[in-house]
Amino acid sequence: MTSKATITVLGDPEEVQRQWRASDHGSILSENEEAVTFKRAPGDRGTEIHVDLARTAPGGALGETLQKLLGAAPRAKVMDELRRFKQVFETGVVTRSEGSPEGELAERKLKQRPAQPMEDSELMKVGLR
Amino acid sequence: MRANVWSGRNTVQVENVPDPKILDDRDAIVRITSTAICGSDLHLYDGYIPTMKRGDILGHEFMGEIVETGRAVSNLAVGDRVVVPFPIACGNCWSCRHELYSVCENSNPNAGLAEKMFGHSTAGIFGYSHLTGGYAGGQAEYARVPYADVGPFKIEDDLADEQVLFLSDIFPTGFFGAELCEIKGGEVVAVFGAGPVGQFAIASAIMLGAEQVIAIDQYDYRLQMALHKAGATAAIDFSKDPDIVEQLKELTGGRGPDAVIDAVGMEAAHGHGLLHTADRVKQASRMETDRGHALRDAILACRPGGIVSVIGVYGGILDNFPSGAWMNKGLTLKTGQCHVQRYMKRLYDHVKNGDIDPSFVVTHRLALDLAPDGYEAFKHKQDDCVKVVLKP
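Here the protein sequences line up with chains A and B, keeping their order.
Residue numbering for the first sequence follows our numbering, beginning at 14 and increasing consecutively.
Residue numbering for the second sequence follows our numbering, beginning at 8 and increasing consecutively.
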């Protein structure tokens, strides 16, 4: 059970931190700013973002029971948010598929939609219409 | 729209499903005019790739006409004719900027799932299980294409669909396999597998300057295509003599081929004896997912100091890897899902110049609604089937 989550984003540390502060993160990372550090990656690889899970408290998205069980933000949820930030920073869009229309979501891993387009009513339910 | 969906092992069905929609500013919607069944689709059909869900639209080789674009797509207009590469690549990440499109860092929204199996996620792929993102595939009337400003390749002349469709996957994949062999002129290259990808690997090895190219398969009709259409200079039919390594030595004065291309992958058919039985038993109980006969023989056959280039698809874990032969002969093992975007323009130019007509692999053309028959014919090599093109 690793206590760190990390991702590398292709951008200078100043620009990455600037956009990080301006971004609307998922609930976990927004409430745990002290747990997040930035570090220049070697060569031309950009900026590493490190989240120390031991210093986080579970975000508002999790129920109280989960908070008691886990004691710290689960790595999978933190990775979801880090990936989303990287996607928007590098590509301008959140990566979505028909099987995962909300984008990367730990809860979706076991409950994928079939890989086929959605009806308009489904699109509205996931906030895409 | 009509679409061919996965419905369990050995079952695909053409059903009515909703039309795709633009989900992001960088999307485009393509009305598909031609699409094909790939050898790797058979791994899905045969049930070897995990994370398939009933209703998944299959297919990753498709082309057609742009009918809608997202606001951020300025390079394409409605009406443009495009071929779509099978790896979905954002164009912005470190990997994409280094032309490693098939390992794009952003295009798989199920990256967490893929990481568990492979250590890292790789690119999303159309119609190829939820491990690669759960994207709807192209064996359908329409498809949503993400990052449309990066992937789709415009066709601006009147070459027939069948002459350019294979720029989506199998021609670049065969070419990639041959390029990995570092052919400088005068080499002997052996190609395991004379399916469509093998045919293009053979043709590409010749184009790149190999002096001899040996095709290996167990179906005579495929070996004949390799010899008479793809340019192979020799053929080994292992249904007649299963000792491929020995036959390759005979054809190369005992040296072994300078490079060997594995265009077979995880469902290798030619194992024999105890190793094959062990593989089949393990595979049936899903303890071992990949059969490695082609890869093993490639390593044993390759001349010391040579290159083994693997473009056949592997998905899981393989037992009995000849590590001693590989290490002590100093072989270079190179592999990957083809970075299609890197090759489309160059190979398109070859087609335009008349250097090659990729349609030579097509043996069957069916309406999309007959996709189930297409899968059966392709899987069981019925009616001398090599490549099936579906028309929506």
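In this text, a Cβ means the ideal position worked out from N, Cα and C, and glycines have one as well.
For residue i, count neighbouring Cβ atoms within 10 angstroms of its own Cβ and tell me buried if that reaches 16, exposed if not.
i	result
B/H50	buried
B/P365	buried
A/G76	Residue placement at A/G76 is poorly supported in this model, since its pLDDT is 45, which falls under 50; the coordinates are not used for a value here.
A/K81	Here the model assigns A/K81 a pLDDT of 49, short of 50, so the residue's position is not dependable and the matter cannot be decided.
B/H235	exposed
B/R353	exposed
B/G2	Examination of residue 2 of chain B is not possible in this model, given that chain B is present from 8 through 399 alone.
B/F328	exposed
B/E163	exposed
B/S41	buried
B/V195	buried
A/V29	buried
A/S16	exposed
B/D63	buried
B/V85	exposed
A/A74	Legend: pLDDT at A/A74 = 47, less than 50; position of this residue unreliable, value from coordinates given subsequently. Flag for A/A74 reads exposed.
B/Q2	With chain B covering only 8 through 399, there is no way to say anything about residue 2 of chain B.
B/D34	buried
A/T108	buried
A/E27	exposed
A/T60	buried
Give the secondary structure of residue i by DSSP, where H, G and I count as helix, E and B as strand, and everything else as coil.
i	result
B/F415	This structure leaves residue 415 of chain B out entirely; chain B is present only between 8 and 399.
B/N11	strand
B/V171	helix
B/Q219	strand
B/D326	coil
A/R109	coil
B/N23	strand
A/E27	helix
B/L307	helix
B/H387	coil
B/E163	coil
A/D57	coil
B/P365	helix
A/V101	helix
Can you name, in chain order, every residue of its own chain whose Cβ lies under 7 Å from the Cβ of residue i, other than the five neighbours on each side?
i	result
B/S246	Q225
B/C100	C111, E112, N113
B/A276	Q225
A/E46	none
B/T370	D391, C392, V393, K394
B/D26	M8, Y149
B/V204	G46, I177, T180, G181, A270, I318
B/D297	M273, Y321, G322, G323, I324, L325
Cβ closer than 8 Å: which chain A residues qualify as neighbours of residue i?
i	result
B/I56	Those do not exist, as B/I56 stays about 13 Å from chain A at its closest Cβ, beyond 8 Å.
B/V24	Q129, P130
B/Y108	The contacting residues do not exist; B/Y108 stays about 13 Å from chain A at best.
B/D31	V106, V107, R109
B/R151	E111, P130
So which residues of chain B does residue i contact, with C-beta pairs closer than 7 Å?
i	result
A/E103	C97, N99, C100, N113
A/R96	A118
A/M137	Here the premise fails: no neighbours, minimum Cβ distance about 11 Å.
A/R53	Residues of chain B passing the Cβ test: none, with the nearest at roughly 14 Å.
A/Q100	N113
A/L141	L30
A/A119	G119
Who are the neighbours of residue i on chain A, taking C-beta pairs under 7 Å?
i	result
B/I64	A128, Q129
B/A10	Q129
B/P27	P130
For residue i, collect the residues of the same chain with a Cβ closer than 6 Å to its Cβ; drop the 5 residues on either side in sequence, then sort them by chain order.
i	result
B/R262	R310
A/M92	A18
B/F173	P365
B/D87	I73, K161
B/Y142	G131, F133
A/T78	Low confidence applies here, because A/T78 scores a pLDDT of 47, under 50, leaving its location unreliable; read the following figure in that light. So the list is empty, once near-sequence residues are dropped.
B/G299	L325
Applying a beta-carbon distance threshold of less than 8 Å, which residues of chain B neighbour residue i?
i	result
A/G59	W101
A/P114	L30
A/L23	N99, C100, W101, R104
A/Q125	T58, K60, N117, H137, G141
Which residues in chain A sit within 9 Å of residue i, going by Cβ to Cβ distance?
i	result
B/T134	At residue 134 of chain B the sequence reads Gly, which differs from the Thr that was named. A128, listed in chain order.
Can you list, in chain order, the residues of its chain with a C-beta nearer than 8 Å to that of residue i? Leave out the 5 residues immediately preceding and following it.
i	result
B/V347	P92, F93, P94, Y108, S109, L174, S175, D176, P179, T180
Cβ contact (3+ pairs, closer than 8 Å) linking the stretch 315-327 of chain B and the stretch 209-217 of chain B: With the cut-off at 8 Å, the stretch 315-327 of chain B and the stretch 209-217 of chain B do not touch.
Under 8 Å, with one C-beta from each stretch per pair, do the stretch 193-201 of chain B and the stretch 333-346 of chain B reach the 3-pair mark? Proximity of the stretch 193-201 of chain B to the stretch 333-346 of chain B falls short of the contact definition, fewer than three beta-carbon pairs being nearer than 8 Å.
At a cut of 8 Å, does the stretch 131-140 of chain A reach the stretch 341-358 of chain B through at least three beta carbon pairs? Output reads no: the stretch 341-358 of chain B does not touch the stretch 131-140 of chain A.
Quick check: the stretch 51-66 of chain B against the stretch 179-187 of chain B, are there 3 or more CB pairs under 8 Å? Output reads no: the stretch 179-187 of chain B does not touch the stretch 51-66 of chain B.
Is the stretch 367-382 of chain B in contact with the stretch 112-130 of chain B, if contact means three or more CB pairs nearer than 8 Å? As far as the Cβ criterion goes, the stretch 367-382 of chain B does not touch the stretch 112-130 of chain B, which means the pair count is below three.
Tell me whether the stretch 153-160 of chain B and the stretch 116-125 of chain A touch, counting them as touching only if at least three CB pairs, one residue from each stretch, are closer than 8 Å. At 8 Å Cβ cutoff, the stretches do not touch.
At a cut of 8 Å, does the stretch 93-109 of chain A reach the stretch 20-29 of chain A through at least three beta carbon pairs? A contact is defined here as three or more CB-CB pairs under 8 Å, and the stretch 93-109 of chain A meets this definition with respect to the stretch 20-29 of chain A.
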